[in-house]
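Undergrad: Chains as they are written, first to last, in my numbering: chain A, 4 to 350; chain B, 4 to 350; chain C, 4 to 350; chain D, 4 to 350. The C-beta atom is built at its ideal place from N, Cα and C for all residues, glycine as well.
There are 4 protein chains.
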Amino acid sequence: MLVVMKHGASAEEVQRVVEKIRELGYDARPIPGQQRTAIGLVGNDGRVDPSRLAALSGVKEIIHVTQPYKQVSREWKEEQTVVQLPGGIAIGGHDVVVIAGPCSVESEKQIVAAAHAVRTAGASMLRGGAFKPRTSPYSFQGLGEKGLKLLAKARDETGLLVVTEAMDPDGVDLVAEYADVIQIGARNMQNFSLLRRAGRSGKPVLLKRGIAATITELLLSAEYLLAEGNHDVILCERGVRGFDSATRNVFDITAIPLVRSLSHLPIVADPSHATGQRELVIPMARAAAAAGADGVMVEVHPKPEEALSDGMQSLDAEQFEQLMREIRAITDAIGRGVAEPLPAVSA
Amino acid sequence: MLVVMKHGASAEEVQRVVEKIRELGYDARPIPGQQRTAIGLVGNDGRVDPSRLAALSGVKEIIHVTQPYKQVSREWKEEQTVVQLPGGIAIGGHDVVVIAGPCSVESEKQIVAAAHAVRTAGASMLRGGAFKPRTSPYSFQGLGEKGLKLLAKARDETGLLVVTEAMDPDGVDLVAEYADVIQIGARNMQNFSLLRRAGRSGKPVLLKRGIAATITELLLSAEYLLAEGNHDVILCERGVRGFDSATRNVFDITAIPLVRSLSHLPIVADPSHATGQRELVIPMARAAAAAGADGVMVEVHPKPEEALSDGMQSLDAEQFEQLMREIRAITDAIGRGVAEPLPAVSA
Amino acid sequence: MLVVMKHGASAEEVQRVVEKIRELGYDARPIPGQQRTAIGLVGNDGRVDPSRLAALSGVKEIIHVTQPYKQVSREWKEEQTVVQLPGGIAIGGHDVVVIAGPCSVESEKQIVAAAHAVRTAGASMLRGGAFKPRTSPYSFQGLGEKGLKLLAKARDETGLLVVTEAMDPDGVDLVAEYADVIQIGARNMQNFSLLRRAGRSGKPVLLKRGIAATITELLLSAEYLLAEGNHDVILCERGVRGFDSATRNVFDITAIPLVRSLSHLPIVADPSHATGQRELVIPMARAAAAAGADGVMVEVHPKPEEALSDGMQSLDAEQFEQLMREIRAITDAIGRGVAEPLPAVSA
Amino acid sequence: MLVVMKHGASAEEVQRVVEKIRELGYDARPIPGQQRTAIGLVGNDGRVDPSRLAALSGVKEIIHVTQPYKQVSREWKEEQTVVQLPGGIAIGGHDVVVIAGPCSVESEKQIVAAAHAVRTAGASMLRGGAFKPRTSPYSFQGLGEKGLKLLAKARDETGLLVVTEAMDPDGVDLVAEYADVIQIGARNMQNFSLLRRAGRSGKPVLLKRGIAATITELLLSAEYLLAEGNHDVILCERGVRGFDSATRNVFDITAIPLVRSLSHLPIVADPSHATGQRELVIPMARAAAAAGADGVMVEVHPKPEEALSDGMQSLDAEQFEQLMREIRAITDAIGRGVAEPLPAVSA
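(1) Assuming A:Leu-204 and A:Asn-233 form a contact by the criterion Cβ under 8 Å, report the distance between their Cβ atoms to the nearest whole angstrom.
(2) So, does the CB of A:Val-62 fall closer than 9 Å to a CB anywhere in chain B?
(3) If the cut is a Cβ gap below 7 Å, which residues of chain D does B:Phe-246 touch?
(4) Can you look up B:Leu-209 in the DSSP assignment and give me helix, strand or coil?
(5) Keeping to the same chain, check which residues put their C-beta closer than 7 Å to that of A:Met-287; ignore five residues upstream and five downstream.
(6) Consider the Cβ of B:Arg-105: report whether some Cβ of chain A lies at a distance smaller than 9 Å.
(7) Compare the C-alpha of C:Asn-252 against each of C:Arg-25, C:Pro-260, C:Pro-105, C:Arg-241 and name the closest.
(8) For C:Phe-254, would you say it is in contact with chain B, using Cβ-to-Cβ distances shorter than 9 Å as the test?
(9) Is C:Ile-330 helix, strand or coil when you go by DSSP?
(10) Determine the burial state of B:Ser-127: buried for a count of at least 16 other Cβ atoms within 10 Å of its Cβ, exposed for fewer.
(11) Taking only the alpha-carbon atoms, compute the straight-line gap between A:Tyr-29 and B:Leu-326 and give it to the nearest angstrom.
(12) Mind pulling the chain B residues with CB within less than 8 Å of D:Thr-69?
(13) Measuring alpha carbon to alpha carbon, tell me which residue in B:Gly-162, B:Met-192, B:Glu-308 is nearest B:Met-170.
(14) Does the separation of the CB atoms of C:Ile-114 and C:Gly-125 fall below 9 Å?
(15) At the 9 Å Cβ level, is B:Thr-278 part of the contact set with chain A, yes or no?
(16) Among C:Thr-334, C:Met-4, C:Lys-152, C:Pro-269, which one has its Cα closest to the Cα of A:Pro-35?
(17) Against B:Leu-311, what residues of chain A qualify as contacts under a CB-to-CB distance less than 8 Å, listed in chain order?
(18) Jot down the residue ranges of each uninterrupted beta strand (DSSP E) in the segment 143-203 of chain C, minimum 3 residues, whole runs only, in chain order.
(19) Taking 9 Å as the CB-CB cut-off, is C:Ala-215 touching chain A?
(20) Leaving out the 5 sequence neighbours to the left and right, which residues in its chain are closer than 8 Å to A:Val-68 when beta-carbon positions are compared?
(21) Output yes or no for whether 9 Å exceeds the beta carbon distance between C:Val-175 and C:Leu-210.
(22) Check the Cβ of C:Gly-314 against every Cβ in chain D and list those closer than 8 Å, keeping chain order.
(23) Rounded to whole angstroms, what is the Cα-Cα separation between D:Lys-152 and B:Gln-316?
(24) Can you say whether D:His-304 is buried or exposed, counting buried as having 16 or more other CB atoms within 10 angstroms of its CB?
(25) Going by C-alpha to C-alpha distance, which of A:Gln-18, A:Ser-312, A:Leu-345 sits closest to A:Ser-2?
(26) What does the alpha-carbon distance come out to for the pair A:Ala-347 and A:Leu-88?
(27) Under 8 Å by Cβ, that's how I've got A:Leu-161 and A:Ala-118 pegged, so tell me the actual separation to the nearest angstrom.
(28) So that I know if they touch, is there some Cβ in chain D lying closer than 9 Å to that of B:Ile-24?
(29) Scan the segment 233-293 of chain D and note each continuous beta strand (DSSP E) run of 3 residues or more that stays entirely inside, going in chain order.
(30) Quick check on D:Leu-129: does DSSP put it in helix, strand or coil?
(31) Between C:Ala-332, C:Asp-98, C:Pro-207, which has its C-alpha nearest C:Arg-289's C-alpha?
(32) Just list the residues that DSSP pairs B:Ser-107 with in beta bridges.
(33) Which of the three DSSP states, helix, strand or coil, is assigned to D:Leu-88?
(34) For B:Met-170, return the contacting residues in chain A, with the cut-off set at a CB-CB distance below 9 Å.
(35) Spatial neighbours of C:Leu-222 within its chain, please: CB distance less than 7 Å, with the 5 preceding and 5 following residues excluded, ordered by chain position.
(36) Would you report the Cα separation of D:Thr-334 and D:Val-20, rounded to the nearest angstrom?
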């Protein structure tokens, strides 16, 4: 930690900072400059509270050298985390996992048809919302628990593992009953009550990056999960807010190799929400896989033109088959494979 | 609503859209252009689901002419909403309300000292967090219910009304017991479970704009509250995420007159979180008042250098007195006044 | 300057950085931490080239403590710069200067009518583009030198000083012949060939902030002008790019007090380009004045509905009169005044 | 074009817009809605000036259905443009072109060593700045014409084609004498005087996307080049400004398939400037190639730790060889190849 003094800070002000650092139990090392003095705090164990120094007279800013997160960092745990799911499917290992399905669960017919279609093309996991966080209170809000039951039925019929979103602490318990992975959506990335409950759920969590979250904030939200004892955390890049309305979001693919260098947690990519346009989903899924994503999550609807939400960015079955072929080609090129689906339980 | 077709869309594709619009019960009016055809949907009553059209073959995009929010709009209710608080304090009327206090409630001594200091200078409401949404799980998370009790004590001793944050549905009920206004923080602006519960709380709600929320999204989140029957909603501009690390956020003051033109709800401004720097708080509070804010919310700490959070952006008592003097001068200049504090209950 | 080493950097790598710093003629002060070591460079006189250190093995990043600009900073020159213009008008002193006029010079009739209207209401300077940087090659590009002559005629008839834009190095000489202040537009803020020529022009320069320029970048572009010997530089905040299409840009009013703390150069504000909507111009002009702007620059057109460019954000004469009244009220409230226009030359 | 009226616009105001549209020679088609009326302009040939309608009383906004660019669009020219360079190298065809070299030309020894290194690994074009746009006036500004001569020498010795930047209209002529492709840098994307001169230079132009330019703005800047008769235009995605300082910029790879759908012009990607970190360059080069980029442009320096600029993001020779191997694997996977370098002239 570096305490930067204002230009013209007095010797007394510098001395006060030095003393405060020593009071806190660390060593202080002043670095004089022509414009201003900075004071290095030596021996930071990550527990120094910067606000104690920031408000002292003459202090311009505090610069953090140490990352504020701990357990999620590569420096804490060097080997890559591989999240083990039922039946031997793993996220973060050699194989790239493809997660596909509709935006929302709409009916038994729709979710089962979608599940069969994506299973046939090679997906190993099914996505689909039962609880939908919608910007408008007047939009379709999901089928709730009924949707969770339909997802479980689709899993039984196809062998696909299920990932679906929980929107509040109570919902976590309900989703945990039915799903294989609990999703925390982008809007809830900093819903800390929700994170704490998900951290105690005993289920793997897929944590989506908030729409304007920095990588540090994403990792700190994951830290909430690990701090509660849940180490089965999968991060997800799904696009951040940008200035150009030509696409729904800016797909920050660089986050993939960056997260892999900073953290041991696996990271998957969602090109459907990131781009918002069906035509862009396939090339951007290729790009995400090429950048090193551990999984690709896409919206597929048996009849996109009848979808109750996100129809414009949903692939149909044929387009999804093309996506699978192209993802396989890319994973081959970089020495990885694509995870195979499990057999159906009820088959 | 306008359905824009792709360049080269066939006459059949155009016809299909026209028919779909008619199936939905509206009238369709094609607008041919040299590059592409657009089709106007006539008679939109706000209930058209765009995804039904967006996914049709040949459709390039859907352009919304009608705003997606209803009850919050000036078009729904033309006269300005004035939120009436206990003792006759009102937000949205002639007087600008000043809300001040520390970031967090830290102790009885601290919150009572802060309350007396801001009351003496002329604030009429006290802010202070008992439940703190913190980016890191290792930061001070607030005193919880004990903090709420201390806020209530400070109210009794000073007559200041209390606004404090609820972070989850269960917390809403607890905060509603103690506070005069329930705050929904920026990170929770799209926590829809929380919004719904706050909408049923029977207490006025201060809704902060999310860090990358558009004005439309802010108004739609407010719509969740009104849709549950709570019309006592106060919006708050507190800075949005920008590209320049020179300030903590970008204080989007233009949101103030813009919200006032689009909505009948009052809007206050928080220059402390928006700027993150003590030196900038006073000029930006002046600017917000000049732009037409119905209130100004600032962080004041009796001893900023000992604050457990946000010390760098907190004013001390003397600086807050200066702010009050300058706010009064600005409100005079624009024909408004500053709301006077109530007498202390225990006085 | 602080050189932050990667976690796991070897003692040899740290030593190599220390030696490199000494080779460059400075003193090195290592600051060990639990996660990583940082090395302070002591005695930085602003001439250290960070790339010499950044590329060394084991280096994670370079953190700058010293600002990269010099002559524009308050640390270089503490007293406020007041740019003296012909006839005694000054920018940066007690009085706020109002600059008004149409987006483009369109005809003699239009510019003279606009000049009379804004002069009558109390503006002291006339704006209007003769060379127009337009996003599309098919938009009206301005009248060129003929436009400059019309501006000079309007000045003769009204006494208003003229500010107008130069778009390329050759244009600087032409604009300098006719105008009192040369404007560098937002798109050219980092057109360094243009900045150098304007720095040698012998005329005051109004430098607009680029659409996504940080404050540091704005000040460094101003530094190009001062480095060429031109100290008569006026900065201008005109909105930065944001994520919400509800307004044309985000008006970053906080830049006004921030620039005033970092630099001695005056700063004016342009609410017309910042907001893009006529209804928002007046409240945001008030806000800018309240925040401490040294001038306000607005678009006024005698007949906005016939303007060849920017009609939507132009005020008509009556609206501009209202703006002047409100600006006067705000400047009174903060202890400043409004600069009075000069008498007409040809009167 | 759609003219959206304000809520509460009078029948007279609607009528006035209809008449104005007819005066301009088009047909008007009103679309009434419950909240507001919109008026479609039928038969837009791209020459309607929106400002003529935007400023009419009662108008809320103008919505553009027709793209503002023409010659650059796929709708104007459906087949992909392949820019033919000397010796048969082509950009926009089957093969992906790799352009590599140092940020700046520093010395004969440096540029010739760099050229040999990248030629050996398989690059077919050499990049290197002779004129450097630098944020600070105190940074190394390039060797100027001497740098151009050294680039020409490196070309003679290696057979690599040369791309280098021109910063002002006069510089275009000088660069055109020596280079095979003239680069317009990100800061100059909207330097329209420069674009016009480059449009008349008779040389292919590589146009970099501005740091906060929308795709529409990028294409309109390219339109300036085509409007001057230069059809040999190559676009370049090099990262846009974002809110997270974890990387230098946000690499907007989605721009690659998006530009390919909107325009017939080829597009290359620059992962060095986009990420700013050596470790991220290789994975992001893979991602760009997977997304469909027609070329990849990277910074390579024989000794990155001695580079006068951009040392932190430059690859060394060995890292560049790895990049070439991985790019080849990706282009194989998507059915493309990598362009082979030409034989040296002086060989």
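TA: With the structure as the only source:
(1) The sequence shown places Ser at residue 204 of chain A, rather than the Leu named in the question. With a Cβ gap of about 7 Å, A:Ser-204 and A:Asn-233 count as contacting.
(2) So yes, A:Val-62 belongs to the interface.
(3) Residues of chain D with a Cβ closer than 7 Å to the Cβ of B:Phe-246 are, in chain order, Arg-244, Gly-245, Phe-246.
(4) In the three-state reduction of the DSSP assignment, B:Leu-209 falls in the strand class.
(5) For A:Met-287, same chain residues with a beta-carbon under 7 Å away, outside a window of 5 residues either side, are Phe-254, Pro-274, Ala-277, Thr-278 in chain order.
(6) Here residue 105 of chain B turns out to be Pro, not Arg, going by the sequence shown. Chain A, which has no Cβ nearer than 9 Å to the Cβ of B:Pro-105, makes this no.
(7) In terms of Cα proximity to C:Asn-252, the closest of C:Arg-25, C:Pro-260, C:Pro-105, C:Arg-241 is C:Arg-241.
(8) Judged by the 9 Å Cβ criterion, C:Phe-254 is in contact with chain B.
(9) Helix at C:Ile-330.
(10) Its Cβ being crowded by 16 or more others within 10 Å, B:Ser-127 is buried.
(11) The straight-line gap separating the alpha-carbon atoms of A:Tyr-29 and B:Leu-326 is approximately 37 Å.
(12) For D:Thr-69, the chain B residues whose C-beta falls within less than 8 Å of its own C-beta are Gly-36, Gln-37, Gln-38, Arg-39, listed in chain order.
(13) The shortest Cα separation from B:Met-170 among B:Gly-162, B:Met-192, B:Glu-308 belongs to B:Met-192.
(14) In this structure, C:Ile-114 keeps its C-beta atom at 9 Å or more from the C-beta atom of C:Gly-125.
(15) By the rule that beta-carbons nearer than 9 Å mark a contact, B:Thr-278 does not touch chain A.
(16) Restricting attention to C:Thr-334, C:Met-4, C:Lys-152, C:Pro-269, the CA atom closest to the CA of A:Pro-35 is found in C:Met-4.
(17) Per Cβ cutoff of 8 Å: Asp-52, Ser-54.
(18) The segment 143-203 of chain C contains, as complete beta strand (DSSP E) runs of 3+ residues, the segments 164-168, 184-187 (chain order).
(19) Output row for C:Ala-215: interface = yes.
(20) Cβ within range, chain order: Met-4, Leu-5, Asn-47.
(21) Judged by their CB atoms, C:Val-175 and C:Leu-210 are not nearer to each other than the 9 Å cut-off.
(22) Here the neighbours are Ser-54, Arg-55, Ala-57, Ala-58.
(23) Note on geometry: alpha-carbon atoms of D:Lys-152 and B:Gln-316 lie some 54 Å from one another.
(24) For D:His-304, the number of other beta carbons within 10 angstroms of its own is at least 16, and it is reported as buried.
(25) Any question about residue 2 of chain A goes unanswered here, given that chain A covers just 4 to 350.
(26) Annotation: A:Ala-347 to A:Leu-88 spans about 15 Å, alpha carbon to alpha carbon.
(27) At residue 161 of chain A the sequence reads Thr, which differs from the Leu that was named. Right, the Cβ-Cβ distance comes to about 4 Å (below 8 Å), so this counts as a contact.
(28) No, no contact with chain D.
(29) You should have 236-240, 270-272.
(30) The answer is strand: DSSP assigns D:Leu-129 an E or B state.
(31) Residue C:Ala-332 is the option with its Cα nearest to C:Arg-289.
(32) Residue pairing of B:Ser-107 in beta bridges, as defined by DSSP: B:Gly-132.
(33) The DSSP-derived three-state label of D:Leu-88 is coil.
(34) By Cβ distance, chain A contributes Asn-194, Phe-195, Ser-196.
(35) Closer than 7 Å at the Cβ level, and outside the excluded window around C:Leu-222, lie Tyr-72, Val-75, Leu-265, Ser-266.
(36) Here the C-alpha atom of D:Thr-334 lies approximately 53 Å from the C-alpha atom of D:Val-20.
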